[in-house]
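Visitor: Here you go, one structure.
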Amino acid sequence: MKRRAESQQETRRRITESAVELHGTLGPSRTSMSAVAAHAGVRRSTLYRHFPDEAALFDACTAHWAASNPPPDLAAWSSVEDPDERLTAALGELYAFYGRTETMLGNLFRDEVTVPIVRERFAAFRGYLAAAQDTLMAGRQLRGTAKRRTRAALGHAIAFSTWKSLVRDQGLDDGEVVELMLALVGAAARRWMPRAGLEPAPPD
723 MKRRAESQQE
733 TRRRITESAV
743 ELHGTLGPSR
753 TSMSAVAAHA
763 GVRRSTLYRH
773 FPDEAALFDA
783 CTAHWAASNP
793 PPDLAAWSSV
803 EDPDERLTAA
813 LGELYAFYGR
823 TETMLGNLFR
833 DEVTVPIVRE
843 RFAAFRGYLA
853 AAQDTLMAGR
863 QLRGTAKRRT
873 RAALGHAIAF
883 STWKSLVRDQ
893 GLDDGEVVEL
903 MLALVGAAAR
913 RWMPRAGLEP
923 APPD
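Sequence positions in the sequence shown follow the working numbering and run 723 to 926.
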């Protein structure tokens, strides 16, 4: 009985790891249940015995991948009192996380547009980014337009698409992107910014 249970557990693990690998290479939208079964070396009937539908398999895949790839700890960021020091540390950690998980995250961001289960489950990561934005706004003592601009700049700074564009397309390294985003946030926090013709915008 114990040996059979261990065998079933091993089969479930192999199926889950196969789903993780295929989601990370092809993406969920291009990964069928049949493809997972073939990759794991099991029959479709065996796969469905462990995972009755795509949602069950996706949840197992997500839990397995997330356990090995946790995002940066927001509580640790909150412990840094100075907002700019907090932002520097946060972006360094977040960009390193993006570098480690680029392929999987790229597939998930792509597929959330067309695959309902991805959109539903990936909402948790969207929530994480919103909480990160709140954490990085804390203590900035801004009002009005400066507050609105700064929040937008922070949202841009922590976006996966921003990191990917500046690192992969523009050839910057993580440190350079951190410096650039610090400059952007600093400019957004000013009470006025130059407009066309170098005329200052009116204060709030």
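Where is the CB? At the ideal position from N, CA and C, for every residue including glycine. Bear in mind that the values here come from a model prediction, so they are computed numbers and not experimental data.
Would DSSP call residue 735 helix, strand or coil?
Guide: The answer is helix: DSSP assigns residue 735 an H, G or I state.
Visitor: Out of 773, 746, 766 and 745, state which residue places its alpha-carbon closest to the alpha-carbon of residue 734.
Guide: Measuring from the Cα of residue 734, the nearest candidate turns out to be 773.
Visitor: Please name the residue, chosen from 889, 874, 882 and 888, that lies closest to residue 908 on a Cα-to-Cα basis.
Guide: When each option's Cα is compared against that of residue 908, the closest is 874.
Visitor: So, helix, strand or coil for residue 808, using DSSP?
Guide: It is helical.
Visitor: Using 10 angstroms around the beta-carbon of residue 732, count the other beta-carbons present and answer buried if the total reaches 16, otherwise exposed.
Guide: So residue 732 counts as exposed.
Visitor: Could you tell me the distance, in whole angstroms, from the CA atom of residue 783 to the CA atom of residue 760?
Guide: Distance between the alpha carbons of residue 783 and residue 760: 16 Å.
Visitor: In the structure shown, what three-state DSSP assignment does residue 796 receive?
Guide: Note: residue 796 maps to helix in three-state DSSP.
Visitor: Quick one: residues in its chain with C-beta nearer than 7 Å to the C-beta of residue 819, no 5 flanking neighbours on either side, listed in chain order?
Guide: Excluding sequence neighbours, residue 819 sits near 793 and 794.
Visitor: Distance, Cα to Cα, residue 762 vs residue 786?
Guide: Each residue's alpha carbon lies about 15 Å from the other.
Visitor: At a cut of 8 Å, does the region 843–863 reach the region 795–812 through at least three beta carbon pairs?
Guide: Contact between the region 843–863 and the region 795–812 is present, because at least three Cβ pairs lie under 8 Å.
Visitor: Counting beta carbon pairs with one atom in the region 739–755 and one in the region 828–846, are three or more of them shorter than 8 Å?
Guide: Judged by Cβ distances under 8 Å, the region 828–846 makes contact with the region 739–755, as three or more pairs qualify.
Visitor: What separation, rounded to the nearest whole angstrom, lies between the Cα atoms of residue 865 and residue 856?
Guide: Distance between the alpha carbons of residue 865 and residue 856: 15 Å.
Visitor: Under the three-state reduction of DSSP, which class applies to residue 877: helix, strand or coil?
Guide: It is helical.
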